[in-house]
Amino acid sequence: MPIPIYTIKNLHISKGNEFQLYIKHFEIHRGACYVFTGEMGSGKTTLLDILYSQKKLDKGEIKFEE
């Protein structure tokens with residue numbers, strides 16, 4: 850299996866007392882196409898902001914190319 854570009858583990862993002870996003874384990878691989886769908890406020894933009902370092906993590910780990 851190829852090495853992922855991003856590896857996300859136990860990601861917790863909250864706003865106040867409300868969880869915005871929780872990801873247990875997710876990998877993004879080079880050359881793959883991903884589609885994120887969901888209702889407004891489900892965390893799609895929050896995930897992209899975290900990947901591009903525009904938002905800090907509350908808890909969890911994101912690795913870029915190991």
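End of the sequence shown = 915 in my numbering, gap-free, step of one. Note that the Cβ used here is the ideal one computed from N, Cα and C, for glycine as well.
Beta carbon proximity, residue i to chain C, threshold 8 Å
i, result
"residue 857", "In the structure shown, chain C cannot be found, because there is only a single protein chain."
Pair within 8 Å by beta-carbon distance, residue i and residue j
i, j, result
"residue 900", "residue 855", "yes"
"residue 858", "residue 874", "yes"
"residue 887", "residue 870", "no"
Contacting residues, own chain, Cβ-Cβ under 6 Å from residue i (five flanking each side not counted)
i, result
"residue 806", "This structure cannot speak to residue 806, because the chain is shown only from 850 to 915."
Reference residue i, options the options, closest by Cα
i, options, result
"residue 821", "895, 880 and 915", "Since the first and last residues shown for the chain are 850 and 915, residue 821 lies out of range."
"residue 881", "915, 903, 851 and 912", "851"
"residue 864", "915, 911, 853 and 905", "905"
"residue 914", "876, 866 and 862", "876"
"residue 866", "907, 912 and 911", "907"
Under the three-state DSSP convention, the category residue i falls into
i, result
"residue 856", "strand"
"residue 900", "helix"
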